[in-house]
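By the UniProt record's numbering, the letter at position 94 of the sequence shown is numbered 94, and the numbering carries on one by one without gaps.
One structure is given below, encoded as structure tokens.
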Amino acid sequence: MTDGGNAEESHSVHHAAAGASASLQKRIIGGQKCRDDERRYHVKIVGYNKAQDYICGGSLIADRWVLTAAHCWESDPGWVIKAQVGVHPPWRKPDEHIITKHEIYRDGNGRKHDIMLLKLPRKTTVQPIRLALCPDSLLLGTKVQIAGYGAAQVGPFNKRVHHRSVDLQCAEIKIDKHHKMELLMSKHEFFEYSFQKWYSASSSKKDIAEGDNGGGWVFQDRLYGVCAFSGHPEYALSAPSAFIDICGYKDWIDKILTEPQEIFV
């Protein structure tokens, strides 16, 4: 997650670019790190093979279930997916789970949506977050909290860089007009979210980054969304971000959590 900082910081970015400096410009993340007493349900998802790795976020919604983004799953041979539960606050030792069972939402046409449930191999005692009070909708301008271990730095002109935060970062971002993101994404021929249910949100000072995807978007201590994508992959703070609307998939979530599951993809 990236915060735009103040005007003085912005000036330093341009100055660094003019001087061909390669140094990174640090950003404040929502003013501070996540407090020790919040976001304890946040799950760090780590995928890796012999050559590379990636991270995503997730939210513990039951003692054996984590809700995250479907694109955080890697199914190619050789990949291992782990869920680190209880990763925050940082002084706690997380409970690590190797994930073998997952469920991705498919609509009536067989299309995958970017929302996924991971089943933990054993129960956890970490307190899960409650789901949204559906069919509640988030009104324009509503502030939602985002969190993640994604980049806390940007390069000159807010260019995105590969970076991971050591501590969980929290920030607030406002619900934006849906059509702004739709218009932006209409330029992409293969925009796969056109048939999915999602919200748009934006801030001139805060943004999501690589590594934040899959994390929870929270309002009044309830989970309303799953971090999905940013409107601009190369430059932070230049376009809205989007998250999958929990209420659009609540029946599917409830069904999986309450019925015995024998078949997983």
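C-beta atoms are modelled at their ideal positions from N, C-alpha and C, and glycine is treated no differently.
Classify residue i as buried or exposed, calling it buried when 16 or more other Cβ atoms lie within 10 Å of its own Cβ.
i: SER194; result: exposed
i: HIS113; result: buried
i: PRO128; result: buried
i: PRO240; result: buried
i: ASN213; result: buried
i: GLY78; result: exposed
i: LEU120; result: buried
Might you give, ordered along the chain, the residues of its own chain that have their beta carbon closer than 6 Å to the beta carbon of residue i, omitting 5 neighbours on each side?
i: GLY31; result: Only weak support is given to the placement of GLY31: the predicted model assigns it a pLDDT of 38, under 50, and the question is left unresolved by the model.
i: ILE99; result: ILE81, ALA83 and LEU118
i: LYS130; result: In the sequence under discussion, the amino acid at residue 130 is Arg, which differs from the Lys named in the question. Taken in chain order, the residues that qualify are ARG222.
i: LYS143; result: GLU172 and LYS174
i: LYS123; result: ASP63 and ARG64
Name the two residues that bound the continuous alpha helix (DSSP H) containing residue i.
i: TRP252; result: 250 to 258
i: LYS180; result: 178 to 185
Have a look at residue i and residue j and give me their C-alpha separation to the nearest angstrom.
i: LYS101; j: TRP91; result: 29 Å
i: GLY141; j: PRO94; result: 35 Å
i: ASN109; j: GLN196; result: 12 Å
i: ALA51; j: SER230; result: 26 Å
i: HIS88; j: LYS180; result: 34 Å
i: ARG39; j: ASP76; result: 31 Å
i: PHE219; j: SER137; result: 11 Å
i: GLU192; j: ARG111; result: 9 Å
i: LEU85; j: GLY248; result: Here residue 85 is Val; the residue named in the question, Leu, does not match the sequence. Answer to the nearest angstrom: the Cα atoms are 26 Å apart.
i: PHE243; j: CYS227; result: 4 Å
At which residues does the beta strand (DSSP E) containing residue i begin and terminate?
i: ASP114; result: 112 to 119
i: residue 333; result: Limits of the chain in this structure are 1 at one end and 265 at the other, which puts residue 333 out of reach.
i: LYS143; result: 143 to 148
i: TYR199; result: 198 to 202
i: PHE195; result: Element bounds for PHE195: n/a, residue is neither H nor E.
i: LYS123; result: No beta strand (DSSP E) contains LYS123, which DSSP labels as neither H nor E.
i: GLY216; result: 216 to 219
i: CYS174; result: According to the sequence provided, residue 174 is Lys. The question's Cys does not apply to it. Note, LYS174: beta strand (DSSP E), 169 to 175.
i: ASP245; result: 241 to 245
Beta-carbon within less than 7 Å of residue i's beta-carbon, same chain only, minus the 5 sequence neighbours each way: which residues are those?
i: ILE55; result: LYS44, ILE45, VAL46, TYR149, ARG164 and GLY211
i: LEU257; result: ALA62 and TRP65
i: TYR224; result: ALA132, LEU138, VAL144, TRP217, VAL218 and ILE246
Within the same chain, show all residues whose beta-carbon is closer than 8 Å to that of residue i, passing over the 5 residues directly before and after it, in chain order.
i: LYS177; result: LEU140 and SER200
i: LYS250; result: LEU131, ALA132 and CYS134
i: ILE253; result: ILE61, LEU67, LEU117, LEU131 and ILE246
i: ALA70; result: ILE104, TYR105, LYS112, HIS113, ASP114, ILE115 and MET116
i: LYS33; result: ASP167, LEU168, GLN169 and CYS170
| task | Mind listing, in chain order, the continuous beta strand (DSSP E) runs of no fewer than 3 residues lying wholly within the stretch 43 to 115? | result | 53 to 62, 65 to 68, 80 to 85, 95 to 98 and 101 to 106
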